[in-house]
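Worksheet for the structure shown next.
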Amino acid sequence: DERFPHPPLMPVYPVARGESRLYMHRIEKDWYTLMNTIINGSASEADAARKQLREELLAIAPVFGQKPYFLSDEFSLVDCYLAPLLWRLPQLGIEFSGPGAKELKGYMTRVFERDSFLASLTEAEREMRLGRS
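No gaps in the numbering here: position 28 of the sequence shown is 28 in full-length UniProt numbering, and each next residue is one more.
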């Protein structure tokens, strides 16, 4: 953000910047750890992690419906942290239905349709969902 300030991916105000860093830390520690367990754990560990990740994402789903991006009207670094995890959910065996699914899927669509997100995908990542390169 300091080297390439436009468009800014972090909030301008110090308190908001700190909150964003806290969100990113929690995403990495909580959800990416679960993703790693799903990929590298035993079958029973993976099933438990899959269930927990799905439940946690659905539990905060109302947050995704409040604003276009994660607690913000603007795309931010927090969205950049979340996007790779959300992109891989089908490969992790996680599907959404029921309460919260609509908000979460709407958020995912908004992020995944961004030109910058699509440009960031590797060929393998593109094939995960799009089935083409």
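No residue lacks a Cβ here, since even glycine has one placed at the ideal position from N, Cα and C.
Beta-carbon to beta-carbon, L71 and A49 are separated by about 25 angstroms, too far to satisfy the 8 angstroms threshold. In this chain, T122 is not harboured by any alpha helix (DSSP H), its DSSP state being neither H nor E. Between G106 and F64 a beta carbon distance of about 7 angstroms is seen, short of the 8 angstroms cut, so the two are scored as contacting. Remark: C-beta atoms of A61 and G100 approach each other more closely than 9 angstroms. Assigned with DSSP and collapsed to three states, S72 falls in strand. For K105, the three-state secondary structure derived from DSSP is helix. Per DSSP, the unbroken alpha helix (DSSP H) holding M35 starts and ends at 33-40. In the structure shown, S44 adopts helical secondary structure according to DSSP, grouped into three states. Contact annotation, F112 with L104: C-beta distance approximately 12 angstroms; criterion of less than 8 angstroms not satisfied. When secondary structure is reduced to three states using DSSP, S97 falls in the coil class, being assigned neither helix nor strand. Taking one beta carbon from each stretch, the stretch 7-14 and the stretch 45-59 have fewer than 3 pairs nearer than 8 angstroms; the two do not touch.
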